[in-house]
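What follows is a set of notes on a single structure, which appears directly below.
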Amino acid sequence: MISRHKIRELAVQSLFSIETTKDAPQDAISSTMQLCDLADEAVPDYLTFLVSGVVEHQDELDKEIAAHLKNKWTVQRLSKIDRVILHVGLFEMENSLEVPRKVAIDEAIVLASDFGDKDSKSFVNGILSNFVEG
Numbered sequence: 352m353i354s355r356h357k358i359r360e361l362a363v364q365s366l367f368s369i370e371t372t373k374d375a376p377q378d379a380i381s382s383t384m385q386l387c388d389l390a391d392e393a394v395p396d397y398l399t400f401l402v403s404g405v406v407e408h409q410d411e412l413d414k415e416i417a418a419h420l421k422n423k424w425t426v427q428r429l430s431k432i433d434r435v436i437l438h439v440g441l442f443e444m445e446n447s448l449e450v451p452r453k454v455a456i457d458e459a460i461v462l463a464s465d466f467g468d469k470d471s472k473s474f475v476n477g478i479l480s481n482f483v484e485g
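Add 351 to a position in the sequence shown, counting from 1, and you land on the number used in our numbering.
Set out below in structure tokens:
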């Protein structure tokens with residue numbers, strides 16, 4: 352069984368692939384699973400949920416993220432990887448009934464430190480923290 356953390360990594364990698372190649376979500380998921388030596392595994396439902404959900408709601412997610420950017424920054428100016436991690440984190444916070452918002456933020460921060468640059472972690476934390484009440 353693939354862990355939730357690994358599923359989030361696969362989601363980020365699949366969505367990054369979609370951003371870069373414009374592949375269909377299922378093709379990107381299949382390619383990512385193959386690259387990660389998971390081709391023999393069944394595609395986890397949660398992976399499909401995250402990737403399809405982000406693709407489907409990308410415009411809404413972008414608007415929500417844009418509202419928290421400073422100094423006339425736009426979502427399009429963000430690095431692709433930071434943008435993808437923010438999309439996954441925010442989508443999970445708003446749509447997963449079984450994952451507390453703070454867990455989704457913590458996971459996004461870990462992904463940012465794994466895949467992003469030295470500033471990604473604090474940036475992702477700063478943006479996603481705006482979406483937690485109290």
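Idealized CB from N, CA, C, for every residue including glycine.
Please classify serine 471: is it buried, with 16 or more other beta-carbons within 10 angstroms of its beta-carbon, or exposed?
Buried, since its Cβ has 16 or more Cβ neighbours within 10 Å.
Between which two residues does the alpha helix (DSSP H) carrying threonine 425 extend?
Segment: none, threonine 425 is in no alpha helix (DSSP H) and carries neither H nor E.
Which of helix, strand or coil DSSP assigns to glycine 485
Unreliable positioning characterises glycine 485 in this predicted model, as indicated by a pLDDT of 47, which lies under 50. The coordinate reading is nonetheless provided below. Glycine 485 falls in the coil class under three-state DSSP.
Start and end residues, alpha helix (DSSP H) containing isoleucine 353
Element bounds for isoleucine 353: n/a, residue is neither H nor E.
Cα-Cα separation between alanine 362 and glutamate 415, rounded to whole angstroms
When rounded, the distance between both Cα atoms is 20 angstroms.
For aspartate 468, I'd like the list of residues in its chain whose CB is within less than 6 angstroms of its CB, leaving aside the five on either flank, ordered along the chain.
Leaving aside the five residues that flank aspartate 468 on each side, none in its chain has a CB nearer than 6 angstroms to its CB.
Neighbourhood of histidine 408 by C-beta, 7 angstroms cutoff - its chain only, sequence neighbours within 5 removed:
The answer, listed in chain order, is Phe442.
Could you tell me the distance, in whole angstroms, from the CA atom of isoleucine 358 to the CA atom of proline 395?
C-alpha of isoleucine 358 to C-alpha of proline 395: approximately 8 angstroms in a straight line.
Please name the residue in Thr399, Asp374 and Met352 whose C-alpha comes closest to that of leucine 389.
Checked all of Thr399, Asp374 and Met352; the closest Cα to leucine 389 is Met352.
Taking 9 angstroms as the threshold (C-beta atoms), are leucine 448 and leucine 412 in contact?
Between leucine 412 and leucine 448, the gap from beta carbon to beta carbon reaches 9 angstroms or more.
I need the straight-line Cα distance from arginine 428 to serine 480, nearest angstrom please.
If I take the Cα positions, the gap works out to 20 angstroms.
Are the beta-carbon atoms of glycine 440 and valine 475 separated by less than 9 angstroms?
In terms of Cβ geometry, glycine 440 and valine 475 form a close pair [threshold 9 angstroms].
N- and C-terminal bounds of the alpha helix (DSSP H) containing aspartate 433
Residues 431-446.
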